[in-house]
Amino acid sequence: MGPAGSAPVSLRRAWAFLTRLPGGAHPGDDREPGRSVPWFPVVGAVVGALSGTVYWALHGPLGAPLAAVLAVAAGAVATGCFHEDGLADTADALGGMTRQRRLAIMKDSRVGAFGVLALVLSTLVRVFAVSSLAATDGLIALVVAHMLGRTMAVAVMGAAPAAAGTGLGHSYTAHLPRAWTVAAIVITSAAAASLGLPGAVSLAAAASGAVLVGLVARRAFAGTTGDVLGAAEQVAEMAVLVSAALVSTHGWSWS
Numbered sequence: 006m007g008p009a010g011s012a013p014v015s016l017r018r019a020w021a022f023l024t025r026l027p028g029g030a031h032p033g034d035d036r037e038p039g040r041s042v043p044w045f046p047v048v049g050a051v052v053g054a055l056s057g058t059v060y061w062a063l064h065g066p067l068g069a070p071l072a073a074v075l076a077v078a079a080g081a082v083a084t085g086c087f088h089e090d091g092l093a094d095t096a097d098a099l100g101g102m103t104r105q106r107r108l109a110i111m112k113d114s115r116v117g118a119f120g121v122l123a124l125v126l127s128t129l130v131r132v133f134a135v136s137s138l139a140a141t142d143g144l145i146a147l148v149v150a151h152m153l154g155r156t157m158a159v160a161v162m163g164a165a166p167a168a169a170g171t172g173l174g175h176s177y178t179a180h181l182p183r184a185w186t187v188a189a190i191v192i193t194s195a196a197a198a199s200l201g202l203p204g205a206v207s208l209a210a211a212a213s214g215a216v217l218v219g220l221v222a223r224r225a226f227a228g229t230t231g232d233v234l235g236a237a238e239q240v241a242e243m244a245v246l247v248s249a250a251l252v253s254t255h256g257w258s259w260s
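The opening position of the sequence shown corresponds to residue 6 in this note's numbering, with each subsequent residue numbered one higher.
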């Protein structure tokens, strides 16, 4: 049965993999986890809607800065800091002098100075970018950011080779349904672009961030890993929110 026929199962597996929220566990055959990959952007959009709703609801009572902090925190809690962990591990690994050393550092569960710095910068960039937006604009931007973040991680997964023949990233890449994955990337990208100039700029920014991460990974690790995909998601998410803040300062609105 292909991804279309098992859509509810694949969606629930994607939900269980990418979030810590209830409703995702499914006791089925998971020998081909890559079948859930086309649903990653959908899960991202839902997480973004949760984060964005927090910002929209608290923007008035608490003000933009505190609402932005809580919105970004809501997204991180919902995913168990899954992508943030990948960003930190990738940043630490880039400090290694050889490919083998970098991959070894990436597998180390401890967080080093580069990882801490990456997490701090990622959090600050997202909070300040979101806090510059009006309530409704922030809601839409967060949905798009989380959706495109997962979309670009999926794109990097499909376009770049795995750095090693084992690991979580390889287990998903090995069973990737190419046609459905391309369809998911095209549909979510088109959805973002349909939102006018802010959406088109955000799509370009997210894609640029993903390409940058992919190029760095190819040079540093000779391919991608699960942590690199997490870093790609975070960089794309930041790129979308920064671009949203940029177009907002020039008078363009999402709503």
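Beta carbons are placed, not taken as given, at the ideal position from N, Cα and C, and that holds for glycine. Here the structure is a predicted model, which means the values were calculated and not measured.
Would you be able to state if there are at least three C-beta pairs under 8 Å between the region 208-215 and the region 54-65? Segments in contact, no.
Can you give me the C-alpha to C-alpha distance between A123 and R115, rounded to a whole angstrom? So the two alpha carbons sit approximately 14 Å from each other.
6 Å Cβ shell around V240 - same chain, five flanking residues per side excluded: Close CB contacts of V240 within its chain, under the 6 Å cut and outside five residues either way in sequence, are with G214, V218 (chain order).
Check whether the Cβ atoms of A158 and V245 sit closer than 8 Å, and answer yes or no. Taking 8 Å as the cut-off, the beta carbon of A158 is found no closer than this to the beta carbon of V245.
Burial state of T151, where buried means 16 or more other Cβ atoms lie within 10 Å: Going by the sequence as given, residue 151 is His instead of Thr. Buried.
Residues near E242 in its chain [Cβ-Cβ closer than 6 Å; skip 5 each side]: When the five nearest sequence neighbours on each side are left out, the beta carbons in the same chain lying within less than 6 Å of the beta carbon of E242 are those of A150, G154, in order along the chain.
DSSP three-state label for T229, please. In this structure, T229 counts as strand in the three-state DSSP scheme.
Nearest-angstrom Cα separation, counted from W257 out to V221: Answer to the nearest angstrom: the Cα atoms are 32 Å apart.
Name the two residues that bound the continuous alpha helix (DSSP H) containing D97. Looking at the DSSP string, the run of the alpha helix (DSSP H) that includes D97 is 87-98.
Inter-residue Cα distance where the pair is A210 and S248: Spanning the two alpha carbons is a distance of roughly 7 Å.
Near A189, which residues of its chain fall below 6 Å by C-beta distance, leaving aside the five closest residues on each side in sequence? Within the same chain, P43, P46 come within 6 Å of A189 by CB-CB distance, once the 5 residues on both sides are set aside.
Alpha-carbon to alpha-carbon, V14 and P32: Per-residue confidence for P32 stands at a pLDDT of 46, beneath the threshold of 50, marking its modelled position as unreliable; the derived number appears in the next sentence. When rounded, the separation of the alpha-carbon atoms in P32 and V14 is 10 Å.
Best match in P203, A109, A139 for proximity to D232 [C-alpha to C-alpha]: Distances from the alpha-carbon of D232 to those of P203, A109, A139 put A109 closest.
Just verifying my parser: in three-state terms, what is the DSSP assignment at P8? At P8 the pLDDT is 48, less than 50, meaning the model places this residue with poor confidence and gives no usable figure here.
What distance in whole Å lies between the Cβ atoms of G143 and G57, which are believed to be in contact at a cut-off of 8 Å? About 6 Å separates the two Cβ atoms, so the contact holds.
For the region 84-99 against the region 180-188, do three or more pairs of beta-carbon atoms, one drawn from each stretch, fall closer than 8 Å, so that the two count as touching? The answer is no - the region 180-188 does not touch the region 84-99, with fewer than three Cβ pairs under 8 Å.
Inter-residue CB distance, A250 and L138 (contact presumed, cutoff 8 Å): Yes, they are in contact, since the Cβ atoms of A250 and L138 sit about 7 Å apart, within 8 Å.
Go ahead and pull the three-state DSSP assignment for A167. Note: A167 maps to strand in three-state DSSP.
If you run the structure through DSSP and keep just helix, strand and coil, what is P32? Unreliable positioning characterises P32 in this predicted model, as indicated by a pLDDT of 46, which lies under 50. The coordinate reading is nonetheless provided below. Reduced to three states, the DSSP call for P32 is coil.
Can you check whether the CB of A160 is closer than 8 Å to the CB of G228? The beta carbons of G228 and A160 sit no closer together than 8 Å.
Helix, strand or coil, according to DSSP, for A62 in the structure here? Of the three classes helix, strand and coil, the one that applies to A62 here is helix, per DSSP.
For R40, tell me which candidate among F22, R107, W61, V121 has the shortest Cα-Cα distance. Here the closest residue by C-alpha is F22.
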